[in-house]
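Here the structure is laid out as structure tokens; the discussion comes afterwards.
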Amino acid sequence: MKPLIQRPWPLGIYLLLGFLALCAPVRASHDLLEPNPEASAEGLDQAFEALESGDWHDAARIFNDLNAQFPDEPELLYYVGVAAASSGDDLAAVSAFAEAAALDPQLDWVQADLGISLYRLGEFSLAEEHLLEALLQGPEDADVLLHLGLIDLENGHYERGERMLEESAALDPGVAALAFYHAANYELDRDNLDAAMGFLERAALAVGPADWKVASAQLLGALAQSETSEPRIQLRAAVGIENDDNLTVSEQDLSTGIGDFAGTLEAGIEARVLQSGLLGISVGYDFFQSLHQDLEEFDLQSNETHIEFYGFLDALQPVLAYAYRRESYGGADYLASHIVDLDLTLCLWRHTCGLLGGEFEHRRFDPTPERDSDRYSLLVGQQTFLWKGLAAFSLTWEPQWQDATGDAFNYQAQIVRGGMTFFLDSWLKGLLVGASYEFESRDYDSVDGSQGFVRQDERHVIWAGAALPLFGPTQASLDYIRIESRSNIQVLNYDENIVSFKLWVWR
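Letter by letter, the sequence shown follows residues 4 to 510 in the numbering used here.
Shown next, in the form of structure tokens:
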């Protein structure tokens, strides 16, 4: 990135210097004239010498003194901003640049440097406005293109952002290492390893500041070592204990009113079989087993295989998935499901992504064939990151329809979910705390034969949990779930509380 003091001086500063030089000879006959032009001209020279030598604070002091003598001179205000920005005081720089721009919006570099200082403060929207104005005023500048590209990447406009970074590097090869290093980091955020390594290779070979080239080479080496030493396979496993005060199988309208302890075992494997350019494919298998202390007939085993196709299309991230799941209770087959799921995540805003999805599930119940069904769902929602990524808030609405073999089990449902997750890395890296609430309302289509009226259910689910990193690739998790199910058929009402503790390991 080009230092501010290496840019050409604004034309107005030459006019100001000329004015001070003309005024200097008449100093003797106007001893009471203020300000003192001769001293001011000398002070201006000293200010630029301080800038050139890197004495930012002295330069800022002199420019501020000159600005007090010659108020409303945008050039002096601009250089107050240059000195402040060079010293790292971006807040003072923005104040000075903004005053200069208000006096003369066309002043050379003022829009560009105001935009860059706003970017450093994290004010990306305001920064973009001034950088675009600088781009319109011209001349085309590599720093302006670089920061516009970074803002596009921050907002999820990956293709346009990377194109601007390419243009900035072509215009000024000196910014190439910085531009490609940032592009690589955003590709890593998208889990696009191949593209990230390509940018890092270019950054390491580019001209420009050595720091960015060294950083790129080091990161490239670390990624290459990780890529060769570890296969694209993720393994995870967990053991835990669970206390359920009311063992329930909601799909069978069965609530025992009996509590029991259980040990749990989970394991999973995920393999990335393709990840290149805009497309990725992964396959996986998940296993779960619970072993109850007393009620062995409620021992649940679940086996699921799945495949996912996912893409990276600038701000749009589509995922198409298929899963086959089998569940059994007490060793007897219970439920087999085929699930097709399409999710679209659209990140057009800096901190917020929109969610749109649809799901189809074909379910076959071995003990009760009349409950066999096709279930359809839509999903509309959003996820917002708050407080500089400290927390994430999600809110979704899911209408659902079930078409069952037995007419008594056809229903329409409305489901609303809201949740908050806190990422407490400042306390302990990897520490997560979260909570969520879910409300579901079901309206069945047919009159219940034994009751003489249409069944209606409501369900409230409250969850709170935390994940605590331990050592190496291990963590502990603690979860609490409360379920309150209400129906106009009184015998179907129940409450359930589940507390679980698990120890996880992965590689």
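For glycine and all other residues, C-beta sits at the position ideal for the given N, C-alpha and C.
Point to revise | Where the alpha helix (DSSP H) containing A179 begins and where it ends | key: By 1-based counting over the sequence shown, the position of residue 179 is 176. Element bounds for A179: 179-192.
Point to revise | Span of the beta strand (DSSP E), counted from its first residue to its last, around S429 | key: Stepping through the sequence shown from its first residue, residue 429 is reached at position 426. Careful: S429 lies outside any beta strand (DSSP E) and carries neither H nor E.
**Study point:** Whole-angstrom distance between L381 and S89, CA atom to CA atom
**Key:** Against the sequence shown, residue 89 aligns to sequence position 86. Against the sequence shown, residue 381 aligns to sequence position 378. Distance between the alpha carbons of S89 and L381: 52 angstroms.
Point to revise | Classification of I501 by the beta-carbon crowding that lies within 10 angstroms, buried from 16 upward | key: Reading the sequence shown from its first residue, position 498 is the one you call residue 501. The residue is buried, with at least 16 neighbouring Cβ atoms inside 10 Å.
Review point. Near R510, which residues of its chain fall below 6 angstroms by C-beta distance, leaving aside the five closest residues on each side in sequence?
Key: Here residue 510 refers to the residue found at position 507 of the sequence shown. Closer than 6 angstroms at Cβ, skipping near neighbours: L238, P476.
Check your understanding: In three-state DSSP terms, what is I310?
Key -> Taking the sequence shown and counting its residues from 1, one reaches residue 310 at position 307. Correct three-state label for I310: strand.
**Study point:** For N496, the three-state DSSP class (helix, strand or coil)
**Key:** Position 493 of the sequence shown holds residue 496. Of the three classes helix, strand and coil, the one that applies to N496 here is coil, per DSSP.
Review point. Would you call the CB atoms of Y414 and Y447 closer than 7 angstroms?
Key: In the sequence shown, the residue the question calls residue 414 occupies position 411. In the sequence shown, the residue the question calls residue 447 occupies position 444. Cβ atoms of Y414 and Y447: closer than 7 angstroms.
Practice item. Throw me the rounded Cβ distance for the D197 and Q278 pair, which I believe falls under 8 angstroms. Key: The count along the sequence shown starts at 1 and reaches residue 197 at position 194. The count along the sequence shown starts at 1 and reaches residue 278 at position 275. Sure, about 7 angstroms apart at Cβ, within 8 angstroms.
Check your understanding: Smallest Cα separation from A186: which of G152, G177, A209?
Key -> The residue labelled residue 186 in the question sits at position 183 within the sequence shown. Measuring from the Cα of A186, the nearest candidate turns out to be G152.
Exercise for review: Could you tell me the distance, in whole angstroms, from the CA atom of V276 to the CA atom of V286?
Suggested key: Position 273 of the sequence shown holds residue 276. Position 283 of the sequence shown holds residue 286. Looking at the two C-alpha atoms, the distance is approximately 7 angstroms.
Practice item. Quick one: grab the DSSP three-state call for W352. Key: As a working note, residue 352 is residue 349 in the sequence shown. Residue state, collapsed to three classes: coil.
**Study point:** Pairwise C-alpha distance: A182 and W215
**Key:** As a first step, residue 215 is located in the sequence shown; it is residue number 212 there, counting from the start. As a first step, residue 182 is located in the sequence shown; it is residue number 179 there, counting from the start. Between W215 and A182, the C-alpha separation is close to 9 angstroms.
Review point. When the distance is taken between beta carbons, is V83 closer than 7 angstroms to A99?
Key: The residue you call residue 99 lines up with position 96 of the sequence shown. The residue you call residue 83 lines up with position 80 of the sequence shown. For A99 and V83, yes; Cβs fall inside 7 angstroms.
Review point. Who does G287 pair with in a DSSP beta bridge?
Key: Position 284 of the sequence shown, counted from the start, is the residue given in the question as residue 287. Looking at the DSSP assignment, G287 forms a beta bridge with E273, H309.
**Study point:** Rounded separation between R163 and T387 - CA only
**Key:** Residue mapping note: residue 163 aligns to position 160 of the sequence shown, counting from 1. Residue mapping note: residue 387 aligns to position 384 of the sequence shown, counting from 1. Computed Cα separation, rounded: 23 angstroms.
Review point. Which partner residues of H463 appear in the DSSP bridge assignment?
Key: Residue mapping note: residue 463 aligns to position 460 of the sequence shown, counting from 1. F442, E487.
Review point. Taking only runs of the alpha helix (DSSP H) that begin and end inside the region 51-136, which ones reach a length of at least 4 residues, in chain order?
Key: 59-72, 77-89, 93-106, 113-123
Exercise for review: Report yes if the C-beta distance between A407 and S376 is below 7 angstroms; otherwise report no.
Suggested key: Counted from its first residue, the sequence shown places residue 407 at position 404. Counted from its first residue, the sequence shown places residue 376 at position 373. Yes, they are a contact pair.
Review point. Thinking C-beta only, is S293 closer than 7 angstroms to A270?
Key: Here residue 270 refers to the residue found at position 267 of the sequence shown. Here residue 293 refers to the residue found at position 290 of the sequence shown. For A270 and S293, no; Cβs fall outside 7 angstroms.
Practice item. Determine the direct distance from the alpha carbon of L110 to that of I16, and round the result to whole angstroms. Key: Sequence index remark: in the sequence shown, residue 16 carries index 13 (1-based). Sequence index remark: in the sequence shown, residue 110 carries index 107 (1-based). Note on I16: pLDDT 46, under 50, position unreliable in the model; no value is reported.
Review point. Considering F388, what are the terminal residues of the beta strand (DSSP E) in which it resides?
Key: Taking the sequence shown and counting its residues from 1, one reaches residue 388 at position 385. Looking at the DSSP string, the run of the beta strand (DSSP E) that includes F388 is 376-389.
Check your understanding: In chain order, what residues of the same chain lie with their CB nearer than 6 angstroms to the CB of L134, ignoring the 5 residues before and after it?
Key -> Along the sequence shown, read from residue 1 onward, the residue named residue 134 stands at position 131. Cβ within range, chain order: G118, V147, H150, L151.
Exercise for review: Could you have a look at L281 and say whether DSSP puts it in helix, strand or coil?
Suggested key: Taking the first residue of the sequence shown as 1, we reach residue 281 at position 278. Of the three classes helix, strand and coil, the one that applies to L281 here is coil, per DSSP.
**Study point:** Range of the contiguous alpha helix (DSSP H) that encloses D247
**Key:** Indexing the sequence shown from 1 puts residue 247 at position 244. It is not in any alpha helix (DSSP H) - D247 instead sits in the beta strand (DSSP E) that spans 236-247.
Exercise for review: Drop a sphere of 10 angstroms on the beta-carbon of T251, count the other beta-carbons inside from all chains shown, and report buried for 16 or more, exposed for fewer.
Suggested key: Counted from its first residue, the sequence shown places residue 251 at position 248. Flag for T251 reads buried.
Check your understanding: Going straight from the alpha carbon of G433 to that of A470, what length do you get?
Key -> Indexing the sequence shown from 1 puts residue 433 at position 430. Indexing the sequence shown from 1 puts residue 470 at position 467. Approximately 8 angstroms, taken between the alpha carbons.
Check your understanding: Skipping 5 residues on each side, what residues in its chain have a beta carbon closer than 6 angstroms to that of W507?
Key -> By 1-based counting over the sequence shown, the position of residue 507 is 504. Within the same chain, W507 has close Cβ partners A241, Q478.
Review point. Beta carbon of A467, beta carbon of R445: below 7 angstroms?
Key: Translated into positions along the sequence shown, residue 467 becomes position 464. Translated into positions along the sequence shown, residue 445 becomes position 442. No, they are not a contact pair.
**Study point:** In DSSP terms, what P321 is bridged to
**Key:** As a first step, residue 321 must be located in the sequence shown, where it is residue number 318. P321 is bridged to L347.
Check your understanding: Do H309 and F301 come within 7 angstroms of each other at the CB atom, strictly closer than that value?
Key -> In the sequence shown, residue 301 corresponds to position 298, counting from 1. In the sequence shown, residue 309 corresponds to position 306, counting from 1. It is not a contact, given that the beta carbons lie outside the stated cut-off.
**Study point:** Simplified DSSP assignment, three categories, for L148
**Key:** Taking the first residue of the sequence shown as 1, we reach residue 148 at position 145. Helix at L148.
Check your understanding: Counting along the chain, where does the alpha helix (DSSP H) carrying D197 start and finish?
Key -> Numbered from 1 along the sequence shown, position 194 holds the residue referred to as residue 197. Where D197 is concerned, the enclosing alpha helix (DSSP H) stretches over 196-208.
Point to revise | Whether M200 touches L222 by CB criterion (7 angstroms) | key: Looking up residue 200 in the sequence shown gives position 197. Looking up residue 222 in the sequence shown gives position 219. No, Cβ-Cβ distance for M200 and L222 is not below 7 angstroms.
**Study point:** Rounded distance between the beta-carbons of T424 and A395, thought under 8 angstroms
**Key:** One-based indexing of the sequence shown puts residue 395 at position 392. One-based indexing of the sequence shown puts residue 424 at position 421. Indeed they touch by this definition, with Cβ atoms about 5 angstroms apart.
Review point. Cβ of A63 within 7 angstroms of Cβ of A86?
Key: Stepping through the sequence shown from its first residue, residue 63 is reached at position 60. Stepping through the sequence shown from its first residue, residue 86 is reached at position 83. Yes. Within cutoff.
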